[in-house]
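Here the numbering used here is used: position 17 in the sequence shown is 750, and no number is missing along the way. Report on the structure given below.
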Amino acid sequence: MIRAALLAVMLCAASPLAAQGFAGVWQGRLTCDAVEGITQTPLDAPFTLRVEGNLAKYERPVLSASGARTGAWERGEGRVAADGTLLLQGGSSGRGFHYRARYEGRLGADGVARFTGVQDWMLSDRDFARSCAVELRR
């Protein structure tokens with residue numbers, strides 16, 4: 734009887750319902766390293782993450798090398814684990830560029846989330862990767 738009750742508690746904690754404690758809109762900043770010969774400064778862009786159940790979706794504007802908005806958006810998603818761990822995968826493409834992004838981190842019960850990751854870029858004349866960090870608050 735005790736084993737059955739313990740198993741039921743463990744299954745509930747591992748279910749998508751457990752991740753619902755992280756539901757809502759998380760907003761903050763994405764920062765990425767400058768890329769020599771391409772960007773003039775490190776990237777600093779707004780970043781929005783929406784969590785419903787255990788599904789997380791994000792978006793952020795893609796900026797030009799000078800920091801101006803291009804009209805393109807990076808979008809991606811991932812699944813939130815019961816402990817708030819999250820792997821986001823996404824990317825964007827436009828005239829002369831394409832990239833994939835991957836950010837790993839954790840949504841905190843305190844309403845703060847931190848991720849680190851990388852963007853793998855393919856430009857018409859050059860490929861490169863750059864390190865990034867995301868910090869969000871709910």
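Ideal Cβ placement from N, Cα and C applies to all residues, glycine included.
Where residue i falls: helix, strand or coil (DSSP)
i, result
"residue 761", "strand"
"residue 754", "helix"
"residue 803", "strand"
"residue 773", "coil"
"residue 827", "strand"
"residue 871", "coil"
"residue 846", "strand"
"residue 767", "coil"
Between the CA atoms of residue j and residue i - distance to the nearest angstrom
i, j, result
"residue 779", "residue 760", "8 Å"
"residue 862", "residue 766", "9 Å"
"residue 833", "residue 774", "20 Å"
"residue 853", "residue 820", "16 Å"
"residue 823", "residue 813", "15 Å"
"residue 840", "residue 758", "11 Å"
"residue 866", "residue 835", "10 Å"
Beta-ladder partner(s) of residue i, from DSSP
i, result
"residue 813", "819"
"residue 781", "760, 792"
"residue 862", "853"
"residue 834", "823, 852"
N- and C-terminal bounds of the beta strand (DSSP E) containing residue i
i, result
"residue 841", "No beta strand (DSSP E) holds residue 841; DSSP gives it neither H nor E."
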